[in-house]
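Q: So the sequence lines, in the order shown, correspond to chains A and B.
According to the working numbering, the stretch in the first sequence is residues 2 to 141, in order.
According to the working numbering, the stretch in the second sequence is residues 2 to 141, in order.
Where a beta carbon is used, it is the ideal one built from N, C-alpha and C, also for glycine.
Would you mind keeping the following structure in view while I ask a few things?
2 protein chains.
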Amino acid sequence: MPGFVLDERLAADTIALGDARLSRLLLMNDRRFPWLILVPRRANAVELFDLASEERALLVEEIAQVSKKLSQRVGVEKINVAALGNMVRQLHVHVIGRAKHDAAWPGPVWGAGARQPYEAADAQRLSDELAEAMAHILVD
Amino acid sequence: MPGFVLDERLAADTIALGDARLSRLLLMNDRRFPWLILVPRRANAVELFDLASEERALLVEEIAQVSKKLSQRVGVEKINVAALGNMVRQLHVHVIGRAKHDAAWPGPVWGAGARQPYEAADAQRLSDELAEAMAHILVD
């Protein structure tokens with residue numbers, strides 16, 4: 002994807018799982034929530050309307066696939082999907098598994114307390130597990 | 002759309018602008034933000050993966066069209082898009098125009114203080130104006 006560079010803050014806060022056809026798939030390094038982020042690999046995209054129509058259709062399919070997989074995890078009761086971009090302008094879509102006993106329920110996760118990074122071994126185990134669960138959409 | 006009934010809480014908090022091909026378009030009755038909600042007119046849809054693939058493609062186009070129109074309003078600097086559903090399970094998508102001086106920036110709008118309803122005349126004027134701006138996607 003010519004010119005695409007992952008935003009530095011997104012890179013710092015996440016663990017890369019691989020690339021789907023359109024998006025880079027990231028795991029947010031916050032053990033309070035099963036929280037994935039899709040970043041369309043298109044330079045300078047900020048809003049959904051910066052993508053071509055076919056890219057949007059692909060993005061929403063990638064979101065749906067990731068949502069479905071997250072929803073099948075033990076304890077996940079609802080999926081939250083959001084593209085906000087108030088802090089990081091590069092277009093990115095949060096897909097978060099929520100539960101009624103989690104640290105922010107029923108509020109949104111953004112701004113709800115501080116991120117709690119995974120222990121290194123847990124991060125490795127979970128990212129391997131998620132990359133395997135998402136293998137059908139990963140091209141790289 | 003057989004069996005589709007708008008959730009009572011969504012109905013109570015919003016003003017209906019009309020129906021696009023897939024979604025009912027609502028204006029959130031909160032004068033703090035230009036805030037629209039799209040509700041796919043499909044009975045029992047909760048998550049994005051409850052829609053058919055063609056419906057998702059239509060939904061993301063409707064979101065993009067509404068986002069684009071909101072982004073052209075004076076003062077709007079960023080669009081926030083989200084499908085959360087922690088409070089109201091019926092699938093609905095928020096499309097919100099945000100600005101650096103607004104009541105919640107840079108945080109999300111949900112849970113940030115109390116909704117401030119429009120004065121009746123303002124509600125009428127704004128809903129007319131938005132319905133006209135969105136007329137190209139409204140079928141009803």
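Would you verify that the beta carbon of residue 104 (chain A) is, or is not, closer than 8 Å to some beta carbon of chain B?
A: In the first sequence, residue 104 (chain A) corresponds to position 103, counting from 1. Not one chain B Cβ lies under 8 Å of residue 104 (chain A).
Q: Between residue 45 (chain B) and chain A, is the shortest Cβ-Cβ distance under 8 Å, so that the two count as touching?
A: As a first step, residue 45 (chain B) must be located in the second sequence, where it is residue number 44. No, no contact with chain A.
Q: Indicate, with yes or no, if the ligand SAH has a heavy atom lying under 7 Å from the CB of residue 111 (chain B).
A: What this structure holds is no ligand at all, so the ligand SAH is not there to describe.
Q: Count the other C-beta atoms from every protein chain shown that fall within 10 angstroms of the C-beta of residue 54 (chain B), then say buried if there are 16 or more, exposed otherwise.
A: Start at 1 with the first residue of the second sequence, and residue 54 (chain B) comes out as number 53. When all chains shown are included, residue 54 (chain B) counts as exposed.
Q: Extract the residue ranges of the alpha helix (DSSP H) inside the stretch 41 to 126 of chain A, only unbroken runs of 4 or more that lie entirely within it.
A: If we require 4 residues or more, the alpha helix (DSSP H) runs fully inside the stretch 41 to 126 of chain A come out as 54 to 72.
Q: Does the beta carbon of residue 169 (chain B) sit closer than 8 Å to a beta carbon anywhere in chain A?
A: It is not possible to answer for residue 169 (chain B), since the shown part of chain B is limited to 2 through 141.
Q: I want to verify the contact list: residues of chain B whose CB lies under 8 Å from the CB of residue 68 (chain A), in sequence order.
A: Here residue 68 (chain A) refers to the residue found at position 67 when the first sequence is read from its first residue. Under the 8 Å cutoff, chain B gives 48, 49, 50.
Q: Could you tell me which chain B residues have their CB closer than 9 Å to the CB of residue 62 (chain A), listed as they occur along the chain?
A: Position 61 of the first sequence, counting from 1, holds the residue named residue 62 (chain A). Residues of chain B passing the Cβ test: 54, 57, 58.
Q: Where does residue 95 (chain B) land, buried or exposed, given buried means 16+ other C-beta within 10 angstroms?
A: In the second sequence, counting from the first residue as 1, residue 95 (chain B) sits at position 94. The residue is buried, with at least 16 neighbouring Cβ atoms inside 10 Å.
Q: Using C-beta distances below 8 Å, list every residue in its chain close to residue 42 (chain A), excluding the 5 sequence neighbours before and after it, in chain order.
A: Along the first sequence, one-based indexing puts residue 42 (chain A) at 41. Counting only Cβ-Cβ distances below 8 Å, and skipping sequence neighbours, we find 2, 5, 20, 23, 24, 25.
Q: Mind pulling the chain B residues with CB within less than 7 Å of residue 80 (chain A)?
A: To locate residue 80 (chain A), count along the first sequence from 1; it is residue 79. Simply 48.
Q: Would you call residue 101 (chain B) buried or exposed, if buried means 16 or more other Cβ atoms sit within 10 Å of its Cβ?
A: Indexing the second sequence from 1 puts residue 101 (chain B) at position 100. Classification for residue 101 (chain B): exposed.
Q: Taking only three categories from DSSP, how would you classify residue 20 (chain A)?
A: Taking the first residue of the first sequence as 1, we reach residue 20 (chain A) at position 19. Strand.
Q: Kindly indicate which three-state DSSP category residue 33 (chain B) falls into: helix, strand or coil?
A: To locate residue 33 (chain B), count along the second sequence from 1; it is residue 32. Looking at residue 33 (chain B) - three-state DSSP - the assignment turns out to be coil, as it is neither helix nor strand.
Q: Taking CB distances under 8 Å as the criterion, tell me whether residue 27 (chain A) reaches chain B.
A: By one-based count along the first sequence, residue 27 (chain A) stands at place 26. No, its Cβ sits nowhere closer than 8 Å to a Cβ of chain B.
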